[in-house]
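Its first residue numbered 496, the sequence shown is counted upward by one per residue in our numbering.
Glycine included, each C-beta is placed from N, C-alpha and C at the ideal position.
Note that the structure is predicted; figures quoted are calculated from it, not measured.
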Amino acid sequence: MKMIDDPEILDRAISAFYHTRKKNGLHDVQPANSSYVAEVDNKQYVVLENVNGILAVYRIKNDGYLKRLKRWPEEIRLLKTTIEESCQNLIKKFERLIEERDDLIEQYKKDGKEIPEGLKLL
């Protein structure tokens with residue numbers, strides 16, 4: 496999968512997304528800046544997402560029209576899953592580091608030693 500910088504097509508997809516939601520009487524949900532245009536198997540797609548996940552995927556047809564997809568290419572689904580797993584792993588590592596830091600601070604206090612500035616910053 497290759498990312499493509501095309502703000503115009505991204506804006507068109509966001510407009511189509513809002514138009515469809517309004518037409519169907521749904522509340523506004525805002526796509527995030529992390530939305531992107533990608534190429535998978537020589538086909539271009541716009542992926543609209545926010546913190547809750549993927550909101551919509553549009554295929555950019557050869558004539559430039561956007562077609563909203565009900566089923567997304569496997570690469571897009573896999574990328575989302577991979578990113579979510581990576582974030583969860585980073586969060587777990589960060590939580591472990593915080594626990595280790597707290598244990599060190601407690602040990603310094605218990606020993607009556609001054610807590611190093613570096614530990615206070617974390």
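For Ile586, the number of other beta carbons within 10 angstroms of its own is below 16, and it is reported as exposed. Val552 has Val542 as its beta-bridge partners, per DSSP.
By the CB criterion at 9 Å, Val546 and Ala508 fall outside the cutoff.
Scanning the segment 511–535 for uninterrupted beta strand (DSSP E) segments of 3 residues or longer gives 531–535, listed from N- to C-terminal end. Residue pairing by DSSP places Met498 opposite Ala533 in a beta bridge. A straight-line Cα-Cα distance of about 42 Å links Gln602 and Ser529. DSSP lists Ile555 as the beta-bridge partner residues of Leu561.
For Gly613, the enclosing alpha helix (DSSP H) begins and ends at Glu612 to Leu616.
Here Ala551 is buried. Its C-beta has 16 or more other C-beta atoms within 10 Å.
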